[in-house]
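The structure appears right after this line, and notes come after that.
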Ligand SMILES: C[S@@+](CC[C@H](N)C(=O)[O-])C[C@H]1O[C@@H](n2cnc3c(N)ncnc32)[C@H](O)[C@@H]1O
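Residue numbers (the working numbering): 1 to 350.
Rendered as structure tokens:
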């Protein structure tokens, strides 16, 4: 079990590989990545036999930016007989600890989508066979993952439930609310699910809080804030959705988000302005260093090259500058499912 299977956004395999290589090096476990462009997954193969399991236990899944989901596995099973895929996969599953649930996944590509029918059909009979063998049991800290790469090739492995994504493939099932003004509303909702534990929503996304939304038009992110009962200053030269304005909870400021400053400090800053990552980072630093807000969600549009390096640079700059000003801050980045050529950041000071 010296393989880690890492799901990522198609086209971001190199960033995912750079990240796992760096993180593994930090804990002194070495290996190499197998990367195929636009495959939406990376294999990290450790030199030590138990290296993948050690990495899975020692690294925190929440720290990954480009990995959506991960599990410990071994080389792919190939030549699966199409008439009986259960028997060889069952034999393989016996090498793993008993798991709580079988999670059947595909890779997030068009080829992967074509295999979703097979995955769905296979789930029930394979789960039954696993239960008969007591490989699936009620009480276990593990999930068993199965990813079909083709009809005859698959990876089978395990993840710790409390150190992996709660969603298959790391893709949350969020429904686009029918009255939200834009699809990007889902980005902010996903960010909250990712960065804020559900038990803290009532306290940290509370009714009557005040927020500023920079680059707000037409209002998808503002809509989420309004749904939580917040009062929002929406900053954008573009028009805001009229129904959202009719709630009475939104004030539209037709001005430049880089120049706008709130008259009173607010609880939340959200920022979806598409600009250079360094410029947006500087804007975020300004807001926190002046005490305008205590928590923020913001997007960084990534350059074409050296995208991993760019995010790490922004992270270090934000943390470094705030710490030098005496703040205790936490910053996290994630390429969310609803992000395209960007990552979402979350910053909080205490
Ligand atoms: C990706 S859209 C925001 C979408 C919005 N978050 C939503 O959910 O509907 C980016 C917005 O940033 C605005 N924008 C770009 N530069 C800006 C600036 N300097 N100040 C304020 N808004 C800006 C654009 O007008 C555009 O409406």
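Glycine included, each C-beta is placed from N, C-alpha and C at the ideal position. Bear in mind that the values here come from a model prediction, so they are computed numbers and not experimental data.
Check	Outcome
Name the one or two DSSP bridge partners that residue 33 has.	44
How big is the Cα-Cα spacing for residue 76 and residue 284?	44 Å
Within 7 Å: the Cβ of residue 142 and any heavy atom of ligand 1?	no
Please report the distance separating the alpha-carbon of residue 305 from that of residue 267.	35 Å
Compute the distance between the beta-carbons of residue 10 and residue 21, then report whether it is under 8 Å.	no
Using CA atoms only, rank isn't needed, just tell me which of 73, 250, 109, 165 is closest to residue 97.	73
With a cut-off of 8 Å on the beta carbons, I'd call residue 249 and residue 212 a contact; round off their distance for me.	Rounded, the Cβ-Cβ distance is 13 Å, inconsistent with contact.
Is residue 210 near residue 195, with beta carbons less than 8 Å apart?	no
How would you label residue 30, buried or exposed, when you count the other beta carbons within 10 angstroms and need 16 or more for buried?	exposed
Please name the residue, chosen from 116, 93, 121, that lies closest to residue 132 on a Cα-to-Cα basis.	93
Enumerate in chain order the residues of its own chain whose CB-to-CB distance from residue 423 is below 8 Å, with the five nearest sequence positions on each side excluded.	No answer is possible for residue 423: it lies beyond the span of the chain, which begins at 1 and ends at 350.
Output needed for residue 6: all residues of its chain with C-beta closer than 7 Å, excluding positions within five of it in sequence on either side, in chain order.	16, 20, 41, 42, 44, 67, 70
Kindly identify the DSSP beta-bridge partner or partners of residue 103.	145
For residue 189, which residues of its own chain have a beta-carbon under 8 Å away from its beta-carbon, when the five flanking residues on both sides are left out?	174, 224
Do residue 136 and residue 89 have their CB atoms nearer than 8 Å?	no
What span of residues does the alpha helix (DSSP H) with residue 311 cover, start to end?	307-324
Mind the definition here: the region 292-306 touches the region 241-257 only if three or more C-beta pairs lie below 8 Å; say whether that holds.	no
For residue 7, which residues does DSSP report across the bridge?	41, 69
Is residue 158 helix, strand or coil when you go by DSSP?	strand
Please classify residue 337: is it buried, with 16 or more other beta-carbons within 10 angstroms of its beta-carbon, or exposed?	buried
Ends of the beta strand (DSSP E) at residue 296?	295-301
Return the CA-CA distance between residue 100 and residue 214, expressed in angstroms with no decimal places.	43 Å
Counting Cβ pairs closer than 8 Å, one from the region 78-86 and one from the region 120-129, do we hit at least three?	yes
If you draw a straight line from the alpha carbon of residue 8 to that of residue 81, how long is it in whole angstroms?	28 Å
Identify, in the order they occur along the chain, each residue of the same chain with its Cβ nearer than 6 Å to the Cβ of residue 163, setting aside the five sequence neighbours on each side.	61
Which partner residues does residue 330 have in the DSSP bridge list?	348
Within the region 212-256, note down every full alpha helix (DSSP H) run reaching 4 residues or more, in order along the chain.	220-227, 242-245
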